[in-house]
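> Taken in sequence, the protein lines are chains P, L and Z.
If you're matching positions, the first sequence starts at 0 in numbering that gives the first Met the number 0 and goes up one per residue.
If you're matching positions, the second sequence starts at 0 in numbering that gives the first Met the number 0 and goes up one per residue.
If you're matching positions, the third sequence starts at 0 in numbering that gives the first Met the number 0 and goes up one per residue.
Quick one: this structure, given as structure tokens, is what I'll be asking you about.
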Amino acid sequence: MKILISYACDKPLYQQIKEQIIDAILKGELAEGDPLPSIRSFANDIKVSVLTIRRVYDELEQERFTTSQVGIGTFVSTGNVELLRDSKRHMVEKKMQELIDTAKILNITKEELNSMMDILYEED
Amino acid sequence: MLLHLVKKDILIAKKYVLVIMLFIIAFPLFVTVVAPQIEGLISFLYIVALGEIVLLQVISQEEAKYPKAAALLCASSYPRSTFVKAKYTFFLLLFAYCYIAYTLVMLVVNRAGVLDLTAILTVLLVGIIIYGIYIPVEFKFGAVKARFIFTIAILALALGPMLFTDLFANITIDFSALATIPASIKNIVLALASIAVFGISIMASTKIYLNKDL
Amino acid sequence: MSNILEVTGLNKSYKKFSLNDVSFTLPEDCITGFIGVNGAGKTTTIRIILGLAHKASGTIKVFGKDMESNEKELKNRIGIVLDEGYFYDELTMDEMKSIIAPAYSGWSDKDYKEYMDRFTLNPRQKISTLSRGMRTKFALTLALSHGADLLIMDEPTSGLDPLVRSQLLEIMTDYMKPGGKGVFFSTHITSDLDKVADMLILIHNGKILFEKEKDCLLDNFRLVKGDNKALNDENRKLFLSIQTTDFGFTGVTDKLSEVQKSMADILVERPTIENIMLAHVEGGQ
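And the structure:
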């Protein structure tokens, strides 16, 4: 699993980490049932605070991507239809976020973006 | 725990302790040989007084050089009360050493010089009174100020009789009555008095030290 | 997750300085940095926690138990590294150890020897001949050799060269690995905290200014640089602190989106802990 954090990026650290883990799960790099690294060693390796990793793991569990067993560890959840659906939503959301980021840099307003969206959606 | 703190005091003043220990053996020997007319009691009193006071001063001096070291020890799980008790334990241990050293020397050199229980207890009481006042003063005001106060006090006491000779001339205490009291009663009274002074002094020192900011 | 150290409402007055209502909590498994400028109250707070100075009011709980009523038991589990001058310099390290070791029921001579070897310290060497770095390493050895669950350190890295500092920080992280431990260290060298701290507590003039997760602080605050002309009375309030030169301003803010709406052409960067600390300290004035 590859986790690269950018300190130049505006996104909060825990969000970057969480999204990259979700990516890995959706792409199959982390298979169902695979264990995630322990909070402490993970925090040490990527040089962030244990509290941040704890938050990432908590949210991943809340969003049903992982399950944790006390004393054993955290594992990727198995067989979750909702997960797939949400994952597709997640992929679209990710693309939309990229879209919005680009638009902001080019100073395109939300209204312009929405009208562009309306036009392009109908074209199909 | 207690003994380790006593050991600490000895460790930090190693060389001085050694010198004094030797002196305590040498002095009675020297006196008996050179000036046998001097009573054994005086020489015993002398080694106790010197040993206790000098070592106390030296140890306090070393302690004062590194004040944070005591702080570190108190921050560890040595209770402050044990610190206090260690100082008094040191007094008792040194007294015991003086007695043993003196008695052994006397047994070898001059049997008559061996002291009876009453004499020992009297010296003990005198020592405890002096020590028992000095220690709480040192805990309260620190080693330097305590030494200053004591020096002044001793000088004043020494001068007292000279300055007020009239006053003292009229006081005649009849000591002859004391001689008729049986030894065992004298011993018990001396022992109880020693314990009492000891106890009060420890309580005072503990209270002072417990409330001090290190 | 339980709390290793809970300090509530500490108050203490000296002639020219006082601690006001100092309260904070150290969660388990965290390295907490206690930061502040010199004289802010870090050492005073630590001395009160360790029972060296007496508080006027407040409570201190370690491992959930009150410090005053369980002093001996709790101090047994705390490892201490204090700023300079805490040894009897005339003694050798072994002699000093022989005095300190009996105070702790969990003392391990094996651990002691291992750390002395790791730090290449000669136990028979006199303490007065040690360099500053070696003294700190020795203090750390003593603190780590009795199975302590909480390490309290007052400015452990000041006066040390970068290599020794980084060794120390590595030891701190190693110490945390087994779990159930905590580290609380005060420092004004914020770059060390960038590397290892999980939580940060800032104290200034005897008051706690913040108690936050380090990553949260670095996520929420931003360093903004722009043209002086872009500043007005309204948007100044969005900044915690602002410094202006002839060539522009630099400000620290946690309201980045509002700042972005209010002015264009700005440079946005992640702050360092030092930026954040100074912003809080200066911002208050």
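All C-beta atoms in this analysis are idealised placements derived from N, C-alpha and C, irrespective of residue type, glycine included.
Just so we're clear, the structure is a prediction, and the values are computed from it rather than from any experiment.
1) Between Q15 of chain P and I24 of chain P, which are expected to be in contact by the criterion C-beta below 8 Å, what is the C-beta distance as a whole number of angstroms?
2) Return the CA-CA distance between F62 of chain Z and E72 of chain Z, expressed in angstroms with no decimal places.
3) Any C-beta of chain P within less than 8 Å: which residues of the segment 171-197 of chain Z qualify?
4) Give a yes or no on whether 9 Å exceeds the smallest Cβ distance from V258 of chain Z to chain P.
5) For L90 of chain Z and L10 of chain L, what's the separation of their Cα atoms in angstroms?
6) Contact between the segment 214-233 of chain Z and the segment 62-79 of chain P is defined here as three or more beta-carbon pairs at a separation below 8 Å; is this criterion met?
7) I'd like the list of long-range same chain contacts for D33 of chain P, defined as Cβ closer than 6 Å, with 5 residues on each side in sequence excluded.
8) Compute the Euclidean distance between the alpha carbons of Q36 of chain L and A111 of chain L, then round it to the nearest angstrom.
9) With a threshold of 6 Å on Cβ separation, who are the neighbours of F138 of chain L within its own chain once the five nearest residues in sequence on each side are excluded?
10) Measuring only between beta-carbons, confirm whether R123 of chain Z sits less than 9 Å from chain L.
11) Are the CB atoms of K206 of chain Z and N19 of chain Z nearer to each other than 9 Å?
12) Would you kindly work out how many angstroms separate the C-alpha atoms of A278 of chain Z and V251 of chain Z, rounded to a whole number?
13) Consider the Cβ of R63 of chain P: report whether some Cβ of chain Z lies at a distance smaller than 9 Å.
14) What's the C-alpha gap between D22 of chain P and F41 of chain P?
15) Report the option in Z:H145, Z:K136, Z:D160 whose CA atom is closest to the CA atom of D108 of chain Z.
16) Measure the alpha-carbon distance for V91 of chain P versus E97 of chain P and round it to whole angstroms.
17) Give the range of the alpha helix (DSSP H) segment to which I135 of chain L is assigned.
18) In its own chain, which residues sit with a C-beta less than 6 Å from the C-beta of Y15 of chain L, not counting the 5 before and 5 after it?
19) What is the DSSP secondary structure of T65 of chain P, counted as helix, strand or coil?
20) When the cut-off is 9 Å and only beta carbons count, does S76 of chain L lie next to chain Z?
21) Quickly, what does DSSP pair G181 of chain Z with across the bridge? List them, please.
22) Would you mind sorting P270 of chain Z into buried or exposed? The rule is 16 or more other CB atoms within 10 Å of its CB.
23) Name the residue from L:S76, L:Y133, L:F26, L:I52 whose alpha carbon lies nearest to the alpha carbon of S104 of chain Z.
24) Using a Cβ-Cβ cut-off of 8 Å (strictly less than) and excluding sequence neighbours within five positions of N109 of chain L, which residues of its own chain qualify?
25) Excluding sequence positions up to five away, which residues of its chain have a Cβ less than 7 Å from the Cβ of A102 of chain P?
26) So, does the CB of E51 of chain L fall closer than 9 Å to a CB anywhere in chain Z?
27) Could you run through the segment 67-98 of chain L and flag, in chain order, every residue whose CB is less than 8 Å away from some CB of chain Z?
28) At a Cβ threshold of 9 Å, is D65 of chain Z touching chain L?
29) In angstroms, rounded to a whole number, what distance separates the CA positions of R221 of chain Z and K213 of chain Z?
30) For Q242 of chain Z, which residues does DSSP report across the bridge?
31) What separation, rounded to the nearest whole angstrom, lies between the Cα atoms of R54 of chain Z and E281 of chain Z?
32) Helix, strand or coil: how does DSSP classify D65 of chain Z here?
33) Please state whether DSSP places S97 of chain Z in a helix, a strand or coil.
34) Quick check on the burial criterion: 16 or more other C-beta atoms within 10 angstroms. Buried or exposed for R164 of chain Z?
35) For the segment 74-104 of chain Z, which residues have a beta carbon sitting closer than 7 Å to at least one beta carbon of chain L?
36) Mind checking which residues open and close the beta strand (DSSP E) that includes E268 of chain Z?
Reading from the atomic positions:
1) About 15 Å; that fails the 8 Å criterion.
2) 11 Å
3) T172, M175, K176, G178, K194, A196, D197
4) no
5) 8 Å
6) no
7) V75
8) 12 Å
9) S204, I207, Y208
10) no
11) yes
12) 6 Å
13) no
14) 17 Å
15) Z:H145
16) 10 Å
17) Correcting the residue type first, residue 135 of chain L is Pro in the shown sequence and not Ile. Note, P135 of chain L: alpha helix (DSSP H), 116-140.
18) V57
19) strand
20) yes
21) Z:L149
22) buried
23) L:S76
24) T31, P35, G39
25) L112
26) no
27) K67, A68, A70, L71, L72, C73, A74, S75, S76, Y77, P78
28) no
29) 14 Å
30) Z:T249
31) It is worth fixing the name first, because residue 54 of chain Z is Lys in this sequence and not Arg. Going from the Cα of K54 of chain Z to the Cα of E281 of chain Z covers about 28 Å.
32) strand
33) helix
34) buried
35) K74, N75, I79, L81, G84, Y85, F86, Y87, D88, E89, L90, E94, I98, I99, P101, A102, Y103
36) 266-268
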